[in-house]
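Working notes, beginning with the structure itself.
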Amino acid sequence: MQPPAWAHLPFFTRDWPAIRERLRGKDWLPGPGRVFAALEAVRPQDVKVVILGQDPYPTPGHANGLAFSVNPGVKLPRSLANIFAELEADTGARPPSGDLSRWARQGVLLLNTSLSVLPGQAGAHADWGWDRLAREAIAEAQSHGSLGFILWGAHAARVARGLPRPQDLVIESPHPSPLSARRGFFGSRPFSRVNAWLLAQGREPIDWSG
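Here's what the structure looks like:
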(Lines of atoms letter the chains of each structure in order from A; the text may use other names.)
(Lines give C-alpha, C1' and ligand atoms only; values in the text may rest on other atoms or scores of the structure.)
Protein backbone atom coordinates (compact mmCIF):
# COMPACT_ATOMS: atom_id res chain seq x y z
CA MET A 2 0.00 0.00 0.00
CA GLN A 3 2.95 2.35 0.54
CA PRO A 4 3.85 4.43 -2.54
CA PRO A 5 7.30 3.11 -3.55
CA ALA A 6 8.86 6.47 -4.43
CA TRP A 7 7.97 7.86 -0.99
CA ALA A 8 8.22 4.72 1.17
CA HIS A 9 11.51 5.84 2.74
CA LEU A 10 9.82 8.74 4.56
CA PRO A 11 9.95 8.31 8.36
CA PHE A 12 6.15 8.50 8.53
CA PHE A 13 5.80 5.04 7.03
CA THR A 14 7.76 3.34 9.81
CA ARG A 15 6.94 5.70 12.68
CA ASP A 16 3.27 6.63 12.16
CA TRP A 17 1.61 4.55 9.46
CA PRO A 18 1.50 1.21 11.35
CA ALA A 19 -0.55 2.75 14.18
CA ILE A 20 -2.86 4.62 11.79
CA ARG A 21 -3.38 1.47 9.73
CA GLU A 22 -4.34 -0.43 12.86
CA ARG A 23 -6.87 2.26 13.84
CA LEU A 24 -8.42 2.02 10.36
CA ARG A 25 -8.64 -1.77 10.39
CA GLY A 26 -12.21 -3.05 10.25
CA LYS A 27 -13.71 0.42 9.77
CA ASP A 28 -15.58 1.92 6.83
CA TRP A 29 -13.46 4.89 5.80
CA LEU A 30 -12.77 7.04 2.77
CA PRO A 31 -11.25 7.03 0.23
CA GLY A 32 -10.36 3.45 1.18
CA PRO A 33 -7.10 1.47 1.13
CA GLY A 34 -6.77 1.48 -2.65
CA ARG A 35 -6.74 5.28 -2.90
CA VAL A 36 -5.39 6.49 0.44
CA PHE A 37 -1.96 7.36 -0.99
CA ALA A 38 -3.17 8.27 -4.49
CA ALA A 39 -1.61 11.75 -4.33
CA LEU A 40 1.84 10.25 -3.72
CA GLU A 41 1.38 7.42 -6.20
CA ALA A 42 0.59 9.91 -8.97
CA VAL A 43 3.89 11.80 -8.85
CA ARG A 44 7.44 11.02 -7.73
CA PRO A 45 9.26 13.44 -5.39
CA GLN A 46 11.67 14.51 -8.12
CA ASP A 47 8.78 15.34 -10.47
CA VAL A 48 6.82 17.64 -8.14
CA LYS A 49 6.58 21.22 -9.39
CA VAL A 50 3.54 22.56 -7.55
CA VAL A 51 1.98 21.79 -4.15
CA ILE A 52 -1.73 22.30 -3.47
CA LEU A 53 -2.78 21.36 0.06
CA GLY A 54 -6.28 20.31 1.08
CA GLN A 55 -7.66 19.26 4.47
CA ASP A 56 -9.22 15.80 4.31
CA PRO A 57 -11.04 13.63 1.76
CA TYR A 58 -14.64 14.38 0.85
CA PRO A 59 -16.79 12.52 3.43
CA THR A 60 -19.48 11.62 0.87
CA PRO A 61 -19.08 8.02 -0.37
CA GLY A 62 -18.13 7.87 -4.04
CA HIS A 63 -16.68 11.38 -4.16
CA ALA A 64 -13.09 11.24 -2.85
CA ASN A 65 -10.39 9.75 -5.06
CA GLY A 66 -7.36 10.46 -2.89
CA LEU A 67 -6.33 13.75 -4.51
CA ALA A 68 -7.00 17.03 -2.72
CA PHE A 69 -10.11 18.83 -4.05
CA SER A 70 -10.57 16.13 -6.74
CA VAL A 71 -13.65 13.95 -7.25
CA ASN A 72 -14.32 10.86 -9.32
CA PRO A 73 -15.45 11.37 -12.92
CA GLY A 74 -19.19 11.88 -13.20
CA VAL A 75 -19.55 13.31 -9.69
CA LYS A 76 -21.17 16.75 -9.46
CA LEU A 77 -18.57 19.37 -8.60
CA PRO A 78 -18.44 20.24 -4.88
CA ARG A 79 -18.83 23.97 -4.34
CA SER A 80 -15.16 24.60 -3.55
CA LEU A 81 -14.07 22.76 -6.70
CA ALA A 82 -16.67 24.63 -8.76
CA ASN A 83 -15.13 27.87 -7.51
CA ILE A 84 -11.62 26.60 -8.33
CA PHE A 85 -12.76 25.88 -11.88
CA ALA A 86 -14.45 29.29 -12.13
CA GLU A 87 -11.19 31.01 -11.13
CA LEU A 88 -9.21 28.75 -13.48
CA GLU A 89 -11.46 29.70 -16.40
CA ALA A 90 -11.27 33.41 -15.57
CA ASP A 91 -7.49 33.15 -15.17
CA THR A 92 -6.53 30.97 -18.14
CA GLY A 93 -9.64 30.20 -20.16
CA ALA A 94 -9.27 26.49 -19.35
CA ARG A 95 -12.18 24.36 -18.18
CA PRO A 96 -11.45 20.72 -17.23
CA PRO A 97 -14.05 18.22 -18.47
CA SER A 98 -14.62 16.71 -15.02
CA GLY A 99 -13.67 17.14 -11.39
CA ASP A 100 -11.04 14.40 -11.61
CA LEU A 101 -7.70 16.20 -11.22
CA SER A 102 -5.53 13.16 -11.96
CA ARG A 103 -4.02 14.81 -15.03
CA TRP A 104 -2.80 17.74 -12.92
CA ALA A 105 -1.13 15.23 -10.60
CA ARG A 106 0.57 13.39 -13.45
CA GLN A 107 2.11 16.69 -14.59
CA GLY A 108 3.74 17.34 -11.24
CA VAL A 109 1.04 18.87 -9.05
CA LEU A 110 1.10 17.31 -5.57
CA LEU A 111 -2.59 17.43 -4.57
CA LEU A 112 -2.11 16.40 -0.97
CA ASN A 113 -4.64 16.45 1.83
CA THR A 114 -3.20 16.99 5.29
CA SER A 115 -5.37 14.12 6.53
CA LEU A 116 -5.66 11.15 4.19
CA SER A 117 -8.64 9.38 5.74
CA VAL A 118 -12.10 10.32 6.93
CA LEU A 119 -15.24 8.59 8.17
CA PRO A 120 -18.30 8.76 5.90
CA GLY A 121 -20.31 11.85 6.77
CA GLN A 122 -17.81 13.03 9.40
CA ALA A 123 -15.47 15.65 7.97
CA GLY A 124 -12.32 16.06 10.03
CA ALA A 125 -12.81 12.80 11.92
CA HIS A 126 -9.13 11.82 11.56
CA ALA A 127 -7.60 15.28 11.52
CA ASP A 128 -5.65 14.68 14.75
CA TRP A 129 -4.25 11.26 13.82
CA GLY A 130 -0.83 12.54 12.75
CA TRP A 131 -1.39 12.54 9.00
CA ASP A 132 -0.06 16.11 8.83
CA ARG A 133 3.44 14.77 9.52
CA LEU A 134 3.30 12.93 6.21
CA ALA A 135 2.35 16.14 4.40
CA ARG A 136 5.32 18.02 5.80
CA GLU A 137 7.75 15.15 5.15
CA ALA A 138 6.52 14.74 1.58
CA ILE A 139 6.91 18.44 0.85
CA ALA A 140 10.41 18.50 2.32
CA GLU A 141 11.35 15.46 0.23
CA ALA A 142 10.07 17.12 -2.94
CA GLN A 143 11.98 20.29 -2.04
CA SER A 144 15.22 18.32 -1.91
CA HIS A 145 14.91 17.89 -5.68
CA GLY A 146 14.29 21.54 -6.60
CA SER A 147 12.16 24.62 -6.09
CA LEU A 148 8.39 24.32 -5.67
CA GLY A 149 5.38 26.49 -6.28
CA PHE A 150 3.06 26.51 -3.27
CA ILE A 151 -0.62 27.30 -3.85
CA LEU A 152 -2.04 27.69 -0.35
CA TRP A 153 -5.79 28.17 -0.07
CA GLY A 154 -7.02 29.15 3.37
CA ALA A 155 -5.57 29.41 6.85
CA HIS A 156 -5.27 25.64 7.31
CA ALA A 157 -3.00 25.16 4.29
CA ALA A 158 -0.88 28.16 5.26
CA ARG A 159 -0.51 26.81 8.80
CA VAL A 160 0.54 23.32 7.69
CA ALA A 161 3.11 24.72 5.26
CA ARG A 162 4.50 27.27 7.72
CA GLY A 163 8.29 27.27 7.73
CA LEU A 164 8.62 25.02 4.67
CA PRO A 165 8.84 27.46 1.73
CA ARG A 166 12.36 28.70 0.99
CA PRO A 167 13.50 31.85 -0.87
CA GLN A 168 13.70 29.89 -4.12
CA ASP A 169 10.12 28.65 -3.80
CA LEU A 170 7.02 30.50 -4.99
CA VAL A 171 4.20 31.01 -2.47
CA ILE A 172 0.71 32.04 -3.60
CA GLU A 173 -1.64 32.46 -0.64
CA SER A 174 -5.31 33.35 -0.81
CA PRO A 175 -8.55 32.63 1.04
CA HIS A 176 -10.07 29.18 0.61
CA PRO A 177 -12.29 28.59 -2.46
CA SER A 178 -15.18 27.66 -0.18
CA PRO A 179 -18.37 29.67 -0.85
CA LEU A 180 -17.87 31.18 2.60
CA SER A 181 -14.57 32.84 1.68
CA ALA A 182 -14.03 32.74 -2.10
CA ARG A 183 -15.15 36.35 -2.57
CA ARG A 184 -12.71 37.60 0.06
CA GLY A 185 -9.71 37.26 -2.23
CA PHE A 186 -9.73 33.82 -3.83
CA PHE A 187 -11.51 35.08 -6.92
CA GLY A 188 -9.07 37.20 -8.87
CA SER A 189 -5.95 35.70 -7.26
CA ARG A 190 -4.90 34.09 -10.59
CA PRO A 191 -2.82 31.26 -9.05
CA PHE A 192 -2.73 29.11 -12.18
CA SER A 193 -1.22 31.66 -14.55
CA ARG A 194 1.11 32.96 -11.86
CA VAL A 195 2.61 29.56 -11.09
CA ASN A 196 2.97 28.83 -14.80
CA ALA A 197 4.76 32.14 -15.39
CA TRP A 198 7.14 31.22 -12.56
CA LEU A 199 7.78 27.77 -14.04
CA LEU A 200 8.44 29.23 -17.49
CA ALA A 201 10.87 31.77 -16.02
CA GLN A 202 12.85 28.82 -14.68
CA GLY A 203 12.84 27.05 -18.03
CA ARG A 204 10.44 24.38 -16.75
CA GLU A 205 7.36 22.98 -18.43
CA PRO A 206 4.17 24.75 -17.29
CA ILE A 207 1.09 22.88 -16.11
CA ASP A 208 -1.70 22.28 -18.61
CA TRP A 209 -4.58 23.07 -16.30
CA SER A 210 -7.24 22.17 -18.88
CA GLY A 211 -7.34 18.70 -17.32
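Numbering (this note's numbering), first residue to last: 2 to 211.
Ideal Cβ positions, reconstructed from N, Cα and C, are used throughout, including at glycine.
| Asked | Found |
| --- | --- |
| One or two residues paired with Ala64 in a DSSP bridge | Val71 |
| CB contact below 9 Å: Asn113 versus chain B | In summary, chain B is missing from the structure at hand, where a single protein chain is found. |
| Ala127 to Glu89 span [Cα, whole Å] | 32 Å |
| For Ile139, three-class secondary structure by DSSP | helix |
| Buried or exposed by the 16-neighbour rule on C-beta atoms within 10 Å, applied to Glu205 | exposed |
| Rounded separation between Ala157 and Trp131 - CA only | 14 Å |
| Short Cβ contact (9 Å threshold) for Ile172 with Arg194 | yes |
| Integer-rounded CB distance, given that Asp100 should sit under 8 Å from Pro59 | The Cβ separation is near 18 Å, so there is no contact. |
| Leu81 - containing alpha helix (DSSP H), residue span | 79-92 |
| Entirely enclosed alpha helix (DSSP H) segments - the region 166-196, minimum 4 residues | none |
| Proximity below 9 Å, CB of Asp47 to CB of Asn113 | no |
| Beta-bridge pairing of Trp153 - partner residues as DSSP gives them | Ser174 |
| Burial state of Lys27 (16 or more Cβ within 10 Å) | exposed |
| Classification of Ser115 by the beta-carbon crowding that lies within 10 angstroms, buried from 16 upward | buried |
| Cβ pair Pro61, Leu30 closer than 9 Å | yes |
| Beta-bridge pairing of Gly54 - partner residues as DSSP gives them | Asn113 |
| CA-to-CA distance, Gly54 to Arg159, given in whole angstroms | 12 Å |
| Local conformation of Leu134 per DSSP, three classes | helix |
| Spatial distance of Ala64 from Arg103 (CA atoms) | 16 Å |
| Buried or exposed by the 16-neighbour rule on C-beta atoms within 10 Å, applied to His9 | exposed |
| Rounded Cβ spacing between Ile139 and Leu164 (contact assumed at less than 8 Å) | 5 Å |
| Ser144 CB to nearest heavy atom of the ligand NAP below 8 Å | Summarising the ligand content, the structure contains no ligands, and the ligand NAP is consequently not present. |
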